[in-house]
Amino acid sequence: MNTAVAVAAALLSALSFGVGSVLQQQAAREAPASDSLRLRLLLELARRPKWLTGMGLVVSSYALLGLALAAGPLVLVQPLAATDLVFALPFLAWRRGISLTRPEVAGIVCTAGGVAVFLTVLPPPAHGTVPDIADWVPVLAAVGGAVVLLAPAGLRRRGSTRTAMFAVCAALLFALLDSLTKSTADRFQTQGAGAFLAWEPYSLIVIGVLGLTMSQSAYQSGSLAISLPIIDTLEPISAVLIGIAVFGERLAQSPSGLAVQMLGAAVAVAGILLLDRSPLARA
1405 MNTAVAVAAA
1415 LLSALSFGVG
1425 SVLQQQAARE
1435 APASDSLRLR
1445 LLLELARRPK
1455 WLTGMGLVVS
1465 SYALLGLALA
1475 AGPLVLVQPL
1485 AATDLVFALP
1495 FLAWRRGISL
1505 TRPEVAGIVC
1515 TAGGVAVFLT
1525 VLPPPAHGTV
1535 PDIADWVPVL
1545 AAVGGAVVLL
1555 APAGLRRRGS
1565 TRTAMFAVCA
1575 ALLFALLDSL
1585 TKSTADRFQT
1595 QGAGAFLAWE
1605 PYSLIVIGVL
1615 GLTMSQSAYQ
1625 SGSLAISLPI
1635 IDTLEPISAV
1645 LIGIAVFGER
1655 LAQSPSGLAV
1665 QMLGAAVAVA
1675 GILLLDRSPL
1685 ARA
């Protein structure tokens, strides 16, 4: 475990994902609505330079996230990686040549401050073992069941409801992808090349494509004001819960420490909701 590397890599991952998401959403909004939840959407977007630039940043974000997860636990890395909206809005403001408003600055401060408070009382990470497939079955069933129910329902909706359903699916798949990335990194650290004989590295491809398709469908069907806040809140919460359930990670042990963490989480969510109201995100 190397906390300094985990923190730095997680923040750089958030920066790359935030900027990349802005570029991807702007390109995805120009794609036909009939392409939602189809691989054809990705093929259409792959011909757009702006989307490819955003995709490059998202891939870099994922590589940095993998480095962070190799160096630290999910309960440390995911709250930091979820601050991408803190970077996305200033980037949008810069592209449009305008200044951030006071509510937007307050949202950034609350989000960053809430995450910082959450992490101040985080206990030292325990050195656990790589989970077995049996440990993953409940998580795979829960995420798979939610996506199977919500994705078809989203196709039958329009507007913000459709975007929200797709974003929930994307957030759950990204949380699963983050957790499987952690497991894969741990296997390579403990087993070396023998990790290629495990199932986790190959599951990353399937879950990654599904998550990418869901996120692009969410971007294509509505504004970042709907999709990013859902992803930014649900993905880290789900990943932390998976970290506790599958990897045996811990939150604060004392009631006072746990109260501080819950307060920090609430402030961070309030900050994200403030950012959600920004006209920049609703463009």
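If you count the sequence shown from 1, you need to add 1404 to reach the working numbering.
Every residue gets a Cβ at the ideal spot worked out from N, C-alpha and C, and that includes glycine.
On a predicted model such as this, the values are computed, not experimentally measured, just so you know.
Rounded separation between residue 1431 and residue 1446 - CA only: 11 Å
Continuous alpha helix (DSSP H) stretch holding residue 1603: start and end: Segment: none, residue 1603 is in no alpha helix (DSSP H) and carries neither H nor E.
Touch test, the segment 1652 to 1668 against the segment 1593 to 1610, Cβ-Cβ under 8 Å, three pairs minimum: no
Reduced DSSP secondary structure (H/G/I, E/B, other) of residue 1657: coil
Under the three-state DSSP convention, the category residue 1535 falls into: coil
Within 7 Å, strictly: CB atoms of residue 1511 and residue 1672: no
Simplified DSSP state of residue 1567, which is helix, strand or coil: helix
Of the listed residues 1448, 1668, 1545, 1459, nearest to residue 1428 (C-alpha basis): 1459
Under the three-state DSSP convention, the category residue 1486 falls into: coil
Same chain only: Cβ atoms within 7 Å of residue 1742, ignoring 5 sequence neighbours per side: Since the first residue shown for the chain is 1405 and the last is 1687, residue 1742 is missing from the structure and cannot be characterised.
Alpha-carbon spacing of residue 1623 relative to residue 1563, whole angstroms: 11 Å
Residue 1516 and residue 1490 closer than 7 Å at C-beta: yes
Neighbourhood of residue 1664 by C-beta distance below 6 Å, restricted to the same chain and skipping five residues each side: 1525
Nearest-angstrom beta carbon gap, residue 1469 and residue 1565 [assumed within contact, 8 Å]: Rounded, the Cβ-Cβ distance is 29 Å, inconsistent with contact.
Residue of 1614, 1591, 1613 minimising C-alpha distance to residue 1603: 1591
C-beta atoms of residue 1547 and residue 1495 nearer than 7 Å: no
Cβ-Cβ separation, residue 1668 to residue 1513 (assumed contact under 8 Å), whole Å: So it is not a contact: roughly 13 Å between Cβ atoms.
Alpha carbon of residue 1681 to alpha carbon of residue 1629, nearest angstrom: 7 Å
Three-state secondary structure assigned by DSSP to residue 1478: helix
Three-state class that DSSP yields for residue 1499 in the structure shown: helix
Alpha helix (DSSP H) segment containing residue 1388, residue limits: The requested residue 1388 is not part of the displayed model; the chain covers only 1405 to 1687.
Sufficient close CB pairs (3 or more, under 8 Å) joining the segment 1411 to 1419 to the segment 1474 to 1488: yes
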